[in-house]
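No gaps in the numbering here: position 249 of the sequence shown is 249 in UniProt numbering, and each next residue is one more.
Glycine included, C-beta positions come from ideal geometry on N, C-alpha and C.
So the structure is just underneath, and the comments pick up after that.
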Amino acid sequence: MLVTLPVYSTENGRKGKEKGKLHLWLTDNTHIVDIGPVSGDDDAASALLYKSTGSETNEKEDKLIALYEKKNVGENKPSPGMVSVVLTEELKRVKEVLATWKKVDERVSQLCPSPIAAQETSTANACGTVNITAGLVGFLSGNFSGNTWRDEYLGVNATVKGAATAAKETENGVTFTGRGAGAEWPVGRQGENQLYHFANYNFTLVATVSIDGEPKEENPIPFIGVKMNDGDKNTVLLGLLYNKEKQWQVWGGAGMTTTEHSSGWEPGTTHQVAIVLQSGTQGSVYVDGQRVGEAECESGDQKDKKSPTFSLDGMEVMKRKK
Numbered sequence: 001m002l003v004t005l006p007v008y009s010t011e012n013g014r015k016g017k018e019k020g021k022l023h024l025w026l027t028d029n030t031h032i033v034d035i036g037p038v039s040g041d042d043d044a045a046s047a048l049l050y051k052s053t054g055s056e057t058n059e060k061e062d063k064l065i066a067l068y069e070k071k072n073v074g075e076n077k078p079s080p081g082m083v084s085v086v087l088t089e090e091l092k093r094v095k096e097v098l099a100t101w102k103k104v105d106e107r108v109s110q111l112c113p114s115p116i117a118a119q120e121t122s123t124a125n126a127c128g129t130v131n132i133t134a135g136l137v138g139f140l141s142g143n144f145s146g147n148t149w150r151d152e153y154l155g156v157n158a159t160v161k162g163a164a165t166a167a168k169e170t171e172n173g174v175t176f177t178g179r180g181a182g183a184e185w186p187v188g189r190q191g192e193n194q195l196y197h198f199a200n201y202n203f204t205l206v207a208t209v210s211i212d213g214e215p216k217e218e219n220p221i222p223f224i225g226v227k228m229n230d231g232d233k234n235t236v237l238l239g240l241l242y243n244k245e246k247q248w249q250v251w252g253g254a255g256m257t258t259t260e261h262s263s264g265w266e267p268g269t270t271h272q273v274a275i276v277l278q279s280g281t282q283g284s285v286y287v288d289g290q291r292v293g294e295a296e297c298e299s300g301d302q303k304d305k306k307s308p309t310f311s312l313d314g315m316e317v318m319k320r321k322k
């Protein structure tokens, strides 16, 4: 589905007389990508027209046209009229994005939802009948450079801080090294046009991780978590930590809880961890399919919801003490 929506300055938003630009957006009701601007003005009304040849061999004749009405230049002045723009490059980009989504779906469908399931199946597709791409909004894998960890579905990218390197091609991930290293996935920090409103109420964040070496610190070490975009407060909704006793600890609600996982954790062992939020308040944490903790998440008033940020070893309010 293609839609046009205005995008405003991230600094000024709708304040004052700031004008937005009309952008073309592509969505399949799961993923969403900003294709780019189609006009330089915050237009009053717009529509899209698409003409298809109906032939896969003659796609060059396909046309996408944006039709929009210019806003009045003054209170007593009429609208300048309708404007039409042929979106040739934008249509090309749309087809590229659709091809990328399909390719990533094919890759992800070969991944197994848990190490246990991988051991119990001998089929070519380790996930068996499980469709793990259903409802999958974003996917971070091996597309990493500089301080940007790119979403394979071309949505919101994660920002890496501290020392990090791309994992081997066969592992498809990122290795964080040193104190303070980690990544933040700011799914609720897109300004006027929020891509992932659902994350305020319901989401599942899953990561395949391993811990290299044994910690010597007395205090638990942040591992993965969810915090609110509420300015300097950095309120943590829910977080998973680990300690040198090889226990998992959960932060959320009333504070810290400690749970001894049945198998514990070992250096170099791969674990699948998941943080789940339901109905905006009920949070749960899972390790290898087993629940290790839950908490009532205080996310503020419904009218003042602040979309979350997902953190990998980056929950600033739980800094490790020296």
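With 16 as the cutoff for other CB atoms within 10 Å, does residue i come out buried or exposed?
i    : result
S311 : buried
Q272 : buried
V3   : exposed
E90  : buried
S122 : Model confidence at S122 stands at a pLDDT of 43, short of 50, so the residue's coordinates are unreliable; what they give is reported in the following sentence. So S122 ends up on the exposed side.
L49  : exposed
D151 : buried
N200 : buried
So the candidates are the options; which of them puts its Cα closest to the Cα of residue i?
i    : options                   : result
L140 : T270, A166 and G162       : A166
R189 : P308, K63 and T281        : P308
E214 : V292, G264 and D105       : G264
L64  : V86, Q249, A45 and T53    : V86
I35  : A45, K51, I132 and P6     : P6
T270 : T235, P186, D105 and A207 : A207
L24  : L241, K92 and I224        : K92
L97  : M1, G178 and A295         : Looking at the sequence shown, residue 97 is not Leu but Val. Selected option, being the one with the closest Cα: M1.
G225 : E217, K216 and Y242       : Y242
Y153 : T88, N143 and G138        : G138
S279 : T204, V209 and E184       : T204
P218 : G81, Q247 and V108        : The identity of residue 218 in the sequence shown is Glu, whereas the question assumes Pro. It is Q247.
Y8   : P37, G81, T177 and A295   : P37
D28  : K95, G180 and Q282        : K95
W101 : S145, C297, H31 and F223  : H31
C297 : N202, F144, Q290 and G268 : N202
N229 : L111, H197, P220 and G173 : H197
Under DSSP, the alpha helix (DSSP H) around residue i begins and ends at which residues?
i    : result
Y214 : What sits at residue 214 in the sequence shown is Glu, not Tyr. No alpha helix (DSSP H) contains E214, which DSSP labels as neither H nor E.
R189 : First-last for R189: undefined, no H or E at that position.
Specify, as a first and last residue, the run of the beta strand (DSSP E) that residue i falls within.
i    : result
L26  : K21 to T27
A164 : A158 to A166
V137 : Per DSSP, V137 belongs to no beta strand (DSSP E) and is neither H nor E.
E296 : Q290 to E296
K227 : I221 to M228
D34  : I32 to P37
S279 : Per DSSP, S279 belongs to no beta strand (DSSP E) and is neither H nor E.
A66  : K63 to E69
Q249 : W248 to G252
S52  : Counting along the chain, S52 falls outside any beta strand (DSSP E), and DSSP gives it neither H nor E.
Below 8 Å on the Cβ atoms is my guess for residue i versus residue j; work out the distance and round it to an integer in Å.
i    : j    : result
T148 : A164 : That pair is no contact at about 11 Å.
L237 : K227 : 6 Å
L26  : S46  : That belief does not hold up - the Cβ atoms of L26 and S46 are roughly 15 Å apart, past 8 Å.
S39  : K21  : 7 Å
V83  : K103 : No, V83 and K103 are not in contact; Cβ-Cβ is about 35 Å, not under 8 Å.
I275 : L240 : 7 Å
V250 : V292 : 6 Å
G182 : K161 : 6 Å
V33  : G135 : Actually they do not touch by this definition, with Cβ atoms about 17 Å apart.
If we cut at 8 Å on Cβ distances, does residue i have a partner in chain D?
i    : result
Q282 : Although the question refers to chain D, the structure presented lacks it and comprises just one protein chain.
Counting only runs of 4+ residues fully inside the region 81–115, write out the alpha helix (DSSP H) ranges in chain order. 88–108
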